[in-house]
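Residue numbers (our numbering): 1 to 416.
We put the beta carbon where it would ideally sit given N, CA and C, even for glycine.
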Ligand code: S3P
C-alpha cells in the first residue's frame, strides 16, 4: 500500500478561471490573469472568448486580456466541448447581444439539461431554440429586461447565467436560490464594480459596465479533494497542499471531513481578490465516523460527492447522502456511476433517488475492471480507491481526467 508524503501546489481553480476570462472579456480595458487553469474546460471558455473577437494573449498560465467591452465575433458557432459552465454562462451573455449564435457541445454536454437556463432567460425576453431543451442552443440576440426569479435548484451555473444576462438587461434582475451555491460570480463581479447587491441567498444586479481586473487564481479545492482523500485513507500519510481556495461556498468537504474525524489543519489563511485561500495539512485518519450529509451543505460539496463516498467506505458506521438529486445531471449520472463502480470494489453502497447510503469499513478488493463513464471526477475517485485496494484495478477511459486536471497522475506520483 502506498503512503503519501510531501508538499504540493494544487492547480488553479476551474470555476474561478472560467469567470476570470469571461468577465475580463466583458470589461473595458486590460486585465491580467495569473495562474489560469490549463484544463480542458476553462480552455473551452478561453477559446470561446477569443472567437468572440476579444484580444487575449496567453503566456503559459498568464492571460492578458484587452477588451473594449464589445464583441466582434469571428464565427457564430461556438463549441463548449464538455463544459457546462462555458455553455450556461455564455448563454446568459449571448442572449443580450445584437448578433445570433449557436452553442454546441460534446455528447455528454448535449445530453445535459438546459431548460434550467432557457426558462429564466426566456422570461427576460431571450429567444433560444434548442433540441428539446438540450444543446445545440440557437440564441437570437435580443433586448432583455430584468426579472425576479426564484430558482428551484441551487446551481451556480444557472445563477451566474441569469446574473450575466442581467448585466445587459433593462431594470433590476433578482435571483434567489434555495441554498447558497458557490458565489465566485458575485465576488468577482463585485470586485469589477458591477451594480450588484447580495442578501443571503438572493442577488440583484443592474446593467453595468465592468472594470478590468488583475488577479492570481488560487488552487482548486475540488482538485485538492482527491489528495485530501488519499492522505486520509492511506496509513502514515502526511501532506501539505499549498494555496487552496477555501471559499466557504466551496469547502463543504472540509466541514464534513472534520465532522467525520479527519485530521485536517488550515495553516495559513489570506484573501486574494475577495477569495479566501490557505494551506492545508492532512494526515492519515484511522478513526473516521460515518455521518449524514444533506440540505444546505450539498451545493458546497456537490462535485466532491464521489470522493466523499469513497472516504465514507473507510469510516466506522453508516454515511447517508441525500438532497443531491442534481448529481444525476453532471458529466455522468454520478449517483448511478459512483454506486456502480464502488460496488465493483465491494463497497457496501446503495443508490437512493437523491443520493446514496454507504456502510463503512469495507475492504476494497481490486483486481477488477472499472469505468470512468467518461467522467473526470469518477476517474480520479477510482484512482484514489486504487491506493487502498488489495489488488490493482484498471480504469477504462481514465484520460478524461484531462477535463479538469491534466497533471493529476504526475502530482500524485510526486507524493509516493
Ligand atoms: C460550477 C457549478 C456546479 C459544479 C460545476 C461548476 C460552476 O454546477 O458542479 O462543476 O463553476 O459554476 P451546477 O451549477 O450545475 O451545480
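What residue does the beta strand (DSSP E) around residue i start on, and which one ends it?
| i | result |
| --- | --- |
| residue 243 | 238-245 |
| residue 32 | 28-34 |
| residue 355 | 355-359 |
| residue 278 | 275-283 |
| residue 216 | 214-216 |
| residue 199 | 195-199 |
| residue 396 | 394-396 |
| residue 268 | 263-272 |
| residue 204 | 202-206 |
| residue 63 | 62-68 |
| residue 6 | 5-9 |
| residue 390 | From DSSP, residue 390 is part of no beta strand (DSSP E); its letter is neither H nor E. |
| residue 56 | 55-59 |
Could you please give the first and the last residue of the uninterrupted alpha helix (DSSP H) stretch that includes residue i?
| i | result |
| --- | --- |
| residue 40 | 40-51 |
| residue 184 | 184-191 |
| residue 252 | 252-260 |
| residue 225 | 221-233 |
| residue 469 | One cannot answer for residue 469 here, as it falls past the ends of the chain, which runs 1 to 416. |
With hydrogens ignored, establish whether the beta-carbon of residue i is closer than 7 Å to any heavy atom of the ligand S3P.
| i | result |
| --- | --- |
| residue 111 | no |
| residue 29 | no |
| residue 418 | Coverage of the chain is limited to positions 1 through 416, which leaves residue 418 absent and any answer about it impossible. |
| residue 367 | no |
| residue 373 | no |
| residue 223 | no |
| residue 330 | yes |
| residue 118 | no |
| residue 182 | yes |
| residue 85 | yes |
| residue 156 | yes |
| residue 287 | no |
| residue 232 | no |
| residue 263 | no |
| residue 302 | yes |
| residue 435 | Any answer about residue 435 is impossible in this case: the structure gives the chain only from 1 up to 416. |
| residue 251 | no |
| residue 160 | yes |
| residue 354 | no |
Does any heavy atom of the ligand SAH sit closer than 7 Å to the C-beta of residue i?
| i | result |
| --- | --- |
| residue 15 | Only the ligand S3P can be found as ligands here, which leaves the ligand SAH out of the picture. |
Exercise. Does the count of Cβ pairs from the region 318-330 and the region 268-277 closer than 8 Å reach three?
Worked result: At 8 Å Cβ cutoff, the stretches do not touch.
For this session: Mind listing, in chain order, the continuous beta strand (DSSP E) runs of no fewer than 3 residues lying wholly within the region 136-179?
Result: With a minimum length of 3 residues, the unbroken runs of beta strand (DSSP E) contained wholly in the region 136-179 fall at 137-140, 148-150 and 172-176.
Exercise. Does the region 216-225 come within contact of the region 6-16, defined as at least 3 CB pairs closer than 8 Å?
Worked result: Yes, the region 216-225 is in contact with the region 6-16.
Exercise. Quick check: the region 307-314 against the region 163-173, are there 3 or more CB pairs under 8 Å?
Worked result: Here the region 307-314 does not lie against the region 163-173, with fewer than 3 beta-carbon pairs under 8 Å apart.
Problem set entry | Inter-stretch contact (C-beta, 8 Å, three-pair minimum) for the region 49-66 and the region 111-131 | Result no; under three Cβ-Cβ pairs closer than 8 Å.
Exercise. If we count Cβ pairs, one from each stretch, closer than 8 Å, do we get three or more for the region 387-396 versus the region 229-238?
Worked result: As far as the Cβ criterion goes, the region 387-396 touches the region 229-238, which means the pair count is three or higher.
Exercise. When the Cβ atoms of the region 54-68 are set against those of the region 83-93, are three or more pairs found closer than 8 Å?
Worked result: Taking a cut-off of 8 Å for Cβ pairs, the region 54-68 and the region 83-93 do not touch, as fewer than three such pairs fall below it.
Exercise. On the three-pair Cβ rule with 8 Å, is the region 357-373 touching the region 71-84?
Worked result: Flag = no, the region 357-373 and the region 71-84 do not touch.
Problem set entry | Complete runs of the beta strand (DSSP E) confined to the region 76-114 [at least 3 residues] | The DSSP assignment places complete beta strand (DSSP E) segments of no fewer than 3 residues inside the region 76-114 at 77-79 and 100-104, in order along the chain.
Exercise. Do the region 105-113 and the region 323-338 make contact, defined as three or more Cβ pairs closer than 8 Å?
Worked result: Output reads yes: the region 323-338 touches the region 105-113.
For this session: Only counting runs of 3 or more residues, tell me where the beta strand (DSSP E) segments fall wholly within the region 299-375, in order along the chain.
Result: Entirely contained in the region 299-375, the beta strand (DSSP E) runs reaching 3 residues are, in chain order, 318-321, 348-352, 355-359 and 369-371.
Exercise. Does the pairing of the region 201-216 with the region 171-179 give three or more beta-carbon distances under 8 Å?
Worked result: The region 201-216 is in contact with the region 171-179.
Exercise. Counting Cβ pairs, one atom from each stretch, are 3 or more of them under 8 Å apart for the region 147-155 and the region 244-263?
Worked result: Output reads no: the region 244-263 does not touch the region 147-155.
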